[in-house]
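In full-length UniProt numbering, the protein residues as written are 1 to 305.
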C-alpha cells in the first residue's frame, strides 16, 4: 500500500503538473465563448505567471487574475456593464435571480444583466411561478414552484382534480361531484383535419396526422385493416381490410425473354433475370457482358475470317 509520504509526493506532482494546468484552462471558458478563449490564446505569459505565483490562492482564480485584472475585458462575477458597476438582480433574495435563474452576461462588460429564469419560474427576478405551475411555498426571499397536471392551464396543486382552468385542448367535466379537465378528441369532434392518405390520431390536448397503410386510399388507422377504401392495385378482402393484388401470380405479365415479375404495393415491375440486363436500344433482356465476358473465349486477333 501507499504511505502518507507517497500520497503527498503524488499529490504535489499533480498540483504542479501540466495536466492540472490544462484542466484549469478548460474550466475558465465555455467552448462557445469566443472572446474568452481568444484571451487565453493571447496571454500565455500572464497565465504562466499566475500558475507560478497564484495557482493555490483561492482569492485569485485564473479568470479574475487574467480577464478582470490583467486584460480588463471582463467584469467580476455577477457584475456587468461597460464599467462593471452594475450588479445582477437579486430582488429580496441573497441569491442572484432569486436562485431560480441565471444573470445574462454576468461577468461581461456587454452583458444585459437580465434574469433568464428556469422553466418553472418567471418575472424580472424569477420570483413568480411560470404558466402551468403552482406555488408550493414562498416568502419574501424564497419561492418553490412545481408543474400542474398536464390537463391544467392553472392550478392549485399537482393533481388532475386541482385545476383552476383547463389547458388548451382540454375541457372541464364534472363526475360524482368532482371536476376535472378531460382531453378533447379533436378527431371525433372535428371533420377533415387531415389530408388525403392520412388519418387523424388524437394526442393529449391536440392531434396529429399520420400516413395510412400503403394499400389504403382512405383510412382511420395505421394498419391495412383500417381502410375505408383501397388504392388501385389493392382489393378489400374483408370489411376495412385491404390486400395488395399480386399481379405476378396471374402469369400474364413480364413475358419477355429472361424477364421476371416483381410484385410491388399496388403494382408490379418487370426486371431482367440474374446475370442479364436490359438493352437500352432494344429494351430486351440480354446477357450482361460484364458477367459473360469472363466465360466467353476471346477471339484471336490474328485469326482470319
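Glycine included, each C-beta is placed from N, C-alpha and C at the ideal position.
| Query | Result |
| --- | --- |
| Round the Cβ separation of residue 84 and residue 121 to the nearest angstrom and send it over; I've been treating them as touching at under 8 Å. | Contact flag wrong, Cβ pair sits at about 27 Å. |
| Of all the options 140, 89 and 95, which has the alpha carbon lying nearest to the alpha carbon of residue 113? | 89 |
| Just curious, the beta strand (DSSP E) that residue 130 is in, first and last residue? | Run containing residue 130: none; DSSP gives neither H nor E here. |
| Can you give the Cα-Cα distance for residue 279 and residue 289, rounded to whole angstroms? | 11 Å |
| In angstroms, rounded to a whole number, what distance separates the CA positions of residue 47 and residue 125? | 36 Å |
| Can you tell me which of 55, 71 and 103 puts its alpha carbon nearest to the alpha carbon of residue 77? | 103 |
| Would you identify the three-state DSSP class for residue 88, choosing helix, strand or coil? | coil |
| What residues are listed by DSSP as bridge partners for residue 115? | 103 |
| Can you give me the start and stop residues for the alpha helix (DSSP H) that residue 188 sits inside? | 186-189 |
| Tell me which residue opens and which closes the alpha helix (DSSP H) that residue 143 is part of. | Element bounds for residue 143: not the alpha helix (DSSP H) but the beta strand (DSSP E), 142-147. |
| Which same chain residues end up closer than 7 Å to residue 108 when comparing Cβ atoms and leaving out the 5 residues on each side of it in sequence? | 74, 75 and 80 |
| If you draw a straight line from the C-alpha of residue 100 to the C-alpha of residue 244, how long is it? | 59 Å |
| Using the beta-carbon count (16 or more within 10 Å), is residue 106 buried or exposed? | buried |
| Smallest Cα separation from residue 282: which of 209, 230 and 256? | 256 |
| If residue 204 and residue 150 are in contact, beta carbons under 8 Å, what's the gap, nearest whole angstrom? | 6 Å |
| Taking its Cβ as the centre, do 16 or more other Cβ atoms sit within 10 Å of residue 275, making it buried, or is it exposed? | exposed |
| Leaving aside the five residues before and after residue 185 along the sequence, list all residues of the same chain whose C-beta is less than 6 Å from its C-beta, in chain order. | 202 |
| Should residue 167 be labelled buried (16 or more other beta-carbon atoms within 10 Å of its own) or exposed? | buried |
| Report the residue from 153, 161 and 230 whose alpha carbon sits nearest the alpha carbon of residue 169. | 153 |
| Alpha carbons only, please: which of 143, 195, 181 and 60 is nearest the one belonging to residue 93? | 143 |
| Alpha carbon to alpha carbon, how far is residue 98 from residue 164? | 27 Å |
| Classify residue 247: buried if its beta carbon has 16 or more other beta carbons within 10 angstroms, exposed otherwise. | buried |
| Grab me the residues of residue 252's own chain with a C-beta within less than 8 Å of its C-beta, minus the 5 sequence neighbours each way, in chain order. | none |
| Cα separation between residue 285 and residue 188? | 54 Å |
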